[in-house]
Amino acid sequence: MNEVKFQLTYSAFKQIKRFFKILTWDAKIVVKYQILTAYVLVSIAYILILRFVPFPELENILIFLLFSDPSFMGILFIAGLVYFERNQRVHLVIGVMPIRPSVYTWSKSIILTSVSLLSACIIQLFTNGINIQWGWFLGSILLSSILYTLIGLWIVSYAKSLNHYMLFALALNIIILLPFFQINDVFTFLGFYGWPSYAGILLLECAYTYTITWELALYTIGYSLIWIGVVSFFVNQRYKEIATLEATK
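Here the sequence shown stands for residues 3 to 251, where the numbers follow the numbering used here.
Right under this line is the structure:
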């Protein structure tokens, strides 16, 4: 019995060790291929625009930019990570080594989400200060960035080329941002409550308005987690198939 427990503990330890190795690898790629630099430049551009252009409703602009930033940047840059590794045949390593697809996909999600969180916090601090509900703010960026990075991973796995992927990514971002019309009272559509992005947008809005109920918090956080779980399942299944195909070549 003790031997079985030891083997399980040792196996878990090896998986954790492999996860941190892949996490370190992804972090190096983000720095090496200027993805981090791109995030910094975009953040600086947002700060300059928001500081020196007199917007009448700054908070609404911030909600739009801060929400669209992790969704667009996550979906865009995940393609760069995957296409680099596709050229290096990193998927082959997943097929022949005891590395779970979830380790591969979640490593990338964590790295890009960390960069998105840092970018969003810097933009907020330099344009609107500290007077927001930071818990809801960070929760919205965190959940949204994870979700859209996973969606990007799923789409790029089917894309035939980078141009093919970018067309899908552009269309997806337009769909993601549609609920902003309801947030800004342009029109009302009850179907937006089923939109993957609407919960995250509402949560980010609550960070600025201070008007959140526990029912709303339960919906926004719970619904986002459900979508993350569903998309994560399909992404892991897809990369398991890819690893198997690569291993048989």
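Glycine included, C-beta positions come from ideal geometry on N, C-alpha and C.
Within a Cβ cutoff of 7 Å, which residues of the same chain sit near residue i, ignoring the five residues on either side of it in sequence?
i     : result
Ile49 : Ile125, Phe128 and Thr129
According to DSSP, is residue i helix, strand or coil?
i      : result
Pro56  : coil
Tyr41  : helix
Leu180 : coil
Phe21  : helix
Tyr35  : coil
Asn133 : coil
Val98  : Below a pLDDT of 50, predicted positions are generally treated as unreliable, and Val98, at 49, falls in that range; no measurement from the model is reported.
Taking the alpha helix (DSSP H) that residue i falls in, what are its first and last residues?
i      : result
Gly154 : Trp136 to Val158
Ser118 : Pro103 to Thr129
Thr211 : Tyr200 to Thr211
Can the beta-carbon of residue i be found less than 8 Å from the beta-carbon of residue j?
i      : j      : result
Leu218 : Leu204 : yes
Ile119 : Gly76  : Note that residue 119 is Leu in the sequence shown here, rather than Ile. Against a cut-off of 8 Å, the Cβ pair of Gly76 and Leu119 comes out as no contact.
Val164 : Tyr85  : Per the sequence shown, the amino acid found at residue 164 is Leu instead of Val. Result yes, Cβ atoms of Leu164 and Tyr85 sit closer than 8 Å.
Asn238 : Thr107 : yes
Leu38  : Val117 : yes
Ile80  : Gly137 : no
Ala122 : Leu68  : yes
Leu149 : Ser226 : yes
Ser199 : Ile178 : yes
Leu152 : Ser111 : yes
Leu78  : Ala171 : yes
For residue i, verify whether its CB is less than 7 Å away from any heavy atom of the ligand SAM.
i     : result
Asp71 : With respect to small molecules bound, the structure shown includes none, and the ligand SAM cannot be examined in it.
Between which residues of its own chain and residue i is the CB-CB distance below 6 Å, once the five residues before and five after are set aside?
i      : result
Thr222 : Ala201, Leu204 and Leu205
Ser1   : This structure cannot speak to residue 1, because the chain is shown only from 3 to 251.
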